[in-house]
Amino acid sequence: MSDGHRDYSDAPKHVVEFYRENHREQTRAVALAKAEDFGSLSRREMGAWEALMELDQLVDESDPDIELGQLDHALQAAEAARAAGEPEWLVLTALVHDLGKVLCLFGEPQWAVVGDTFPLGCAFSEEIIFSEFFSENPDVEEVSFQGQFGVYEPGCGLASVTMSWGHDEYLARVLRDRLPEEALYVIRYHSFYSGHSADVYSHLFDDRDRAMMPWVRRFQAFDLYSKSPVAPSRSQLLDHYSALLERWLPGVLKW
Ligand code: FE
Ligand code: FE
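Residue numbers (our numbering): 98 to 352.
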C-alpha cells in the first residue's frame, strides 16, 4: 500500500515463507478441524489481563511493518482509538483484538494463528496477499470449491462462511456473549483484508455484513497505522487499561 504500511513488495524472507506455508496448509478441512478443536475452549482458564501479559514476548511473523511485541501493539492500537475519540467499546476492542494469538502459547504454529484470513470452500481471490502460493493448497483440486461461490449461496452471509483459521475466529469464540455484536464482528474479521479492504467478497455478504463491515474498516486505522516502532510508555498505560478490562471483561475466560 502506498501509505507505507502492508507493503509486501520487498517483504523479509520470513514473511514470504510464512505466507507460503499459511496458504499451503489452510484448507477448509483444516480450518473446520481447528475450529472444532480450539472451539471447545478447554485448554486454559485465564483473565483477559493475564492473556495480554502472556503476549508480551510474542512477535507476529506475518507482519512486515513491525517487530514489537504484542502487548505494545495492543497498547498502541487502544491509544490510537482513544486519541481518535472512539467509543469505549472500540477502544476496548483495539486493546484485545489480538489476544487470540495466545494460540501460539498452546504450541500452534504461526501459520495457524496469524496473517490475513480468507474464505475457504470457494475460489481464492487474486487480491489475497501472496495468492500465487495457493497453487500449493490442496483445495484448488476440489471441484466443488471453485468459482466465486464454491459451496456457498449468493449473499449467504459471512457467518456461514468457513474462514481460514486463526486468532480472529478463535478470539471471537472466546469472547462470545461477553462483548457487543459490533466488537465481536470487528475481532472476527479484522484480518480479512481481501474482504474489508480490497472488497472482493461482497457477493457473500448479507445485510448484517454490510451493516458491520464499516466498523471493521474504521478499526483498521488503529490496528495498522498505530504500528510505530517506538513502544509507548507502559507504566502510564497499564493502570488505565487494566481498569478498562476489569469493567468490560471481569473474571476468568475459558480459552
Ligand atoms: Fe490481528
Ligand atoms: Fe493487530
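Every residue, glycine too, gets a C-beta built ideally from N, C-alpha and C. Predicted, not measured: the structure shown is a model, and the values here were computed from it.
Here the residues close to ligand 2, judged by CB distance below 5 Å to any of its heavy atoms, are Asp195, Asp320 in chain order.
The three-state reading of DSSP puts Pro161 in coil, since its state is none of H, G, I, E or B.
Judged by DSSP secondary structure, Thr190 falls within the alpha helix (DSSP H) whose first and last residues are 185-193.
Taking 7 Å as the cut-off, one finds at least one heavy atom of ligand 1 near enough to the beta carbon of Ser288. Here the alpha carbons of Arg141 and Val188 stand approximately 26 Å from one another. No heavy atom of ligand 1 is found nearer than 7 Å to the CB of His102.
For His264, the Cβ falls inside the 7 Å cut-off from some heavy atom of ligand 1. With at least 16 other beta carbons inside 10 angstroms of its own, Ser159 counts as buried. Rounded to the nearest whole angstrom, the C-alpha separation of Ser294 and Leu138 is 30 Å. Its Cα nearest to that of Tyr298, the residue Ala220 stands out among Ala220, Leu200, Val349, Leu152.
Only residues of its own chain outside the window of five on either side were considered, and among them Gly254, Leu255 have a CB closer than 7 Å to the CB of Asp306, listed in chain order.
Here Pro161 is not near Leu301, since their CB atoms are 8 Å or more apart. For Thr124, the closest alpha carbon among the candidates His337, Val237, Gln167, His287 is that of Val237. Glu142 carries a strand assignment under DSSP once its states are collapsed to helix, strand and coil.
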